[in-house]
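All you need for the working numbering is the position in the sequence shown, starting with 1, plus 9.
Let me begin by presenting the structure, written as structure tokens, before commenting on it.
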Amino acid sequence: MTSLTGKTLAGRYRVDAEIGRGGMADVYRGIDVVLDREVAIKVLTERDDGERDRFLREARSMARLNHRNVVAVYDAGRDEGWSFIIMELVEGRTLGSVPAHELTVHTAIRHYVEILEALAYAHGNGVIHRDVKPANVMVLPSGAVKVMDFGLARRTSDMSGATSAGEIVGTIAYLPPERFLGKVADARSDLYSVGVMLFETFTGTLPFKSESDDLVAVIYGHVNEPPPPPRSVNRAVPAQIERIILKLLEKEPERRYQTAQDAAADLRALVTGPADVSDPGMEQPPSPATAAQSRKGAPPPPGQAAARTSSVEADAREMLARTFGSSKAVDVGYSETLAGMLATRKRDYPEASRAYRAALTAFSEAKNELEYAKTALKFGTMVLQKHNEGESRSGASNRRELSDAVDILTEALPSFRGRAMLKELEEGERLLYALQRTLIRIR
10 MTSLTGKTLA GRYRVDAEIG RGGMADVYRG IDVVLDREVA IKVLTERDDG
60 ERDRFLREAR SMARLNHRNV VAVYDAGRDE GWSFIIMELV EGRTLGSVPA
110 HELTVHTAIR HYVEILEALA YAHGNGVIHR DVKPANVMVL PSGAVKVMDF
160 GLARRTSDMS GATSAGEIVG TIAYLPPERF LGKVADARSD LYSVGVMLFE
210 TFTGTLPFKS ESDDLVAVIY GHVNEPPPPP RSVNRAVPAQ IERIILKLLE
260 KEPERRYQTA QDAAADLRAL VTGPADVSDP GMEQPPSPAT AAQSRKGAPP
310 PPGQAAARTS SVEADAREML ARTFGSSKAV DVGYSETLAG MLATRKRDYP
360 EASRAYRAAL TAFSEAKNEL EYAKTALKFG TMVLQKHNEG ESRSGASNRR
410 ELSDAVDILT EALPSFRGRA MLKELEEGER LLYALQRTLI RIR
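Structure representation (structure tokens):
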């Protein structure tokens, strides 16, 4: 995108300096020359009509909100082909970039109470955020927080079952199960995301993650696996906070808190006195991140640990944003791979085969060799499982499916070899040998 620095939009908003960059929009510091005040100017970088409509929806959603914990929207428009939103300029840091040693239990709880109050207000006005994550929460120098970037928000009346599993947007680490299953998202979906954030703040890790950056495995965890109790990850997490986190992370929306006010009330009750948030015998509530480090041995100096953690998280989130923003085919690939995993679990092998093949086609179209290879492993495993369970032993169609699995896996393995992914390469080679042996037996 060409830099807009120095330009004046709509004859009123002078663009001074870029202060942020995202997958679909860039943010600039600027001046409203009419009112002589500093503003943030968010400019859409995508030019297709769908993204323009979403951008306008963001402006309309945010313009309805006037709350101390929500970034205010002043204006929106288009000028010389650029779509823009004029917002309150907020000075501070994102919640994700606040050094871990600064977040005591009490400070963290106060931040989350304000986040929930902002969401309660938005929900009361019919707006679902749909992208609640640390990068969308600003912590001001005063300690107050503001929720920003309702870029994925929709009016409640616009939500319908037409939202497909292929329309997976946002950062998957914080999305609720219903978003991956193509179900309607509502206020309780935002609360699940708050639960993921709370888990991360108090344990130093995410409830569902993959050491090998397998995003489909993360999605599968959100949909099928119970989150680990926070106290099993960090023994210093107060029991009361663990109960709140686990209630927010319930798979079924009906089992979560039903309103942001309810969750805020339970958290607010914990800061009425120091003793209320500590376990018996705990004289001072520890910093959540400091306590998390204690389980790994002697921690590094706080400044180094915070910088390293912040850098890793920033890199991971940027990677996710690039991955999801690169191609609609990638979204389809992840969605169909998840469908294949779920169908395999149910032993619905025809559906699993259909879904995996659709995923492989999508990743191939997106030229995403790594995800193609990972999906090829899952497809080959499903085919072998199907034959080992006696679902089919012979026949032309079965031989063809085995042969397809062999060909696909043979094509995919070089991706693991080229990236020195030895574990995946070894697994793939064993699977390929087993598929070839099975194919020889049924010929």
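Glycine is no exception: its CB is placed at the ideal position from the N, C-alpha and C atoms.
Small disclaimer: the values here were computed from a predicted structure and weren't measured.
**OP:** Answer with buried or exposed for T353, where buried requires no fewer than 16 other C-beta atoms within 10 angstroms of its C-beta.
**Re:** buried
**OP:** Starting from the C-beta of D324, find all residues in its chain whose C-beta is less than 6 Å away, skip the five residues before and the five after it, and write them out in chain order.
**Re:** Because D324 sits at a pLDDT of 44, beneath the cut-off of 50, its placement in the model cannot be relied upon, and the following sentence gives the value as read from the coordinates. Hits under 6 Å: none found.
Original post:
Helix, strand or coil: which one does DSSP assign to Y130?
Top reply: Secondary structure at Y130: helix, using DSSP grouped into helix, strand and coil.
Original post:
Is it buried or exposed for S198, if we count other Cβ within 10 angstroms and need 16 for buried?
Top reply: With 16 or more other Cβ atoms within 10 Å, it is buried.
Original post:
Excluding sequence positions up to five away, which residues of its chain have a Cβ less than 6 Å from the Cβ of S335?
Top reply: For S335, the predicted model reports a pLDDT of 46, less than 50, meaning its position is unreliable; a value from the coordinates is still stated below. If we look at S335 and ignore the five residues flanking it on each side, it has no Cβ neighbours.
Original post:
Would you report the Cα separation of K260 and E123, rounded to the nearest angstrom?
Top reply: Rounded to the nearest whole angstrom, the C-alpha separation of K260 and E123 is 24 Å.
Subject >> CA nearest to the CA of D158, picked from E438, I181 and I95 >> reply: I95
**OP:** Assuming A273 contacts A129 (C-beta within less than 8 Å), just tell me the rounded distance between them.
**Re:** 7 Å
Subject >> Contact under 8 Å by Cβ, V203 with N78 >> reply: no
**OP:** Measure the alpha-carbon distance for P185 versus L224 and round it to whole angstroms.
**Re:** 14 Å
Subject >> At least 3 beta-carbon pairs within less than 8 Å: the segment 355 to 375 vs the segment 226 to 244 >> reply: no
**OP:** Taking 8 Å as the threshold, find out whether the segment 109 to 123 comes into contact with the segment 81 to 93 through three or more Cβ pairs.
**Re:** no
Original post:
Around the Cβ of G15, are there at least 16 other Cβ atoms within 10 angstroms (buried) or fewer (exposed)?
Top reply: exposed
Original post:
With DSSP run on the structure shown, which of helix, strand or coil describes V2?
Top reply: Absent from the model: residue 2. The displayed extent of the chain is 10 to 452, so no value can be given.
Original post:
By the 10 Å Cβ neighbour count, where 16 or more other Cβ atoms means buried, how is K395 classified, buried or exposed?
Top reply: By the 16-neighbour rule on beta-carbons within 10 angstroms, K395 is buried.
Original post:
Going by other Cβ atoms of all chains shown within 10 Å of its Cβ, with 16 needed for buried, is V141 buried or exposed?
Top reply: buried
Original post:
Which one or two residues does DSSP pair with L18 in a beta bridge?
Top reply: Answer is Y22, bridged to L18.
Original post:
From W91, G135, E345 and L13, pick the residue whose C-alpha is nearest to that of T370; which is it?
Top reply: E345
**OP:** Let me know if N456 comes out buried or exposed under the rule of 16 or more other beta-carbons within 10 Å of its beta-carbon.
**Re:** Nothing can be reported for residue 456: it is not among the residues displayed for the chain, which extend from 10 to 452.
**OP:** Locate the beta strand (DSSP E) running through D195, then write down its first and last residues.
**Re:** It is not in any beta strand (DSSP E) - D195 carries neither H nor E in the DSSP assignment.
Original post:
Does the pairing of the segment 229 to 240 with the segment 99 to 110 give three or more beta-carbon distances under 8 Å?
Top reply: no
Original post:
By Cβ distance below 7 Å, which residues in the same chain neighbour L7 in space, the five residues on each side in sequence not counted?
Top reply: This structure does not reach residue 7, given that the chain is present from 10 up to 452, and the question cannot be answered.
**OP:** Taking only the alpha-carbon atoms, compute the straight-line gap between Y229 and V341 and give it to the nearest angstrom.
**Re:** Distance between Y229 and V341, taken at the CA atoms: about 15 Å.
Original post:
Looking at the structure shown, is T447 part of a helix, part of a strand, or coil, going by DSSP?
Top reply: DSSP places T447 in helix when its eight states are reduced to three.
Original post:
Per DSSP, which one or two residues make a beta bridge with Y83?
Top reply: DSSP output for Y83 lists no bridge partner at all.
Subject >> F217 in three-state terms, based on DSSP >> reply: coil
**OP:** Return the chain-ordered list of same chain residues with a C-beta closer than 6 Å to the C-beta of A19, the five sequence neighbours on each side being excluded.
**Re:** G86 and D88
Subject >> One or two residues paired with I181 in a DSSP bridge >> reply: For I181, which the question treats as bridged, DSSP gives no partner whatsoever.
Original post:
From V415 to M430, what distance separates their C-alpha atoms?
Top reply: Roughly 20 Å separates the two Cα atoms.
**OP:** Starting from the C-beta of E436, find all residues in its chain whose C-beta is less than 7 Å away, skip the five residues before and the five after it, and write them out in chain order.
**Re:** Apart from the 5 residues on each side of it in sequence, E436 sits with its Cβ closer than 7 Å to the Cβ of L386 in its chain, given in chain order.
Subject >> Pairwise C-alpha distance: P150 and E100 >> reply: 8 Å
**OP:** Tell me whether K432 is buried or exposed, calling it buried when 16 or more other Cβ atoms sit within 10 Å of its Cβ.
**Re:** exposed
Subject >> Assigned exposure category for L441 - 16 Cβ within 10 Å defines buried >> reply: buried
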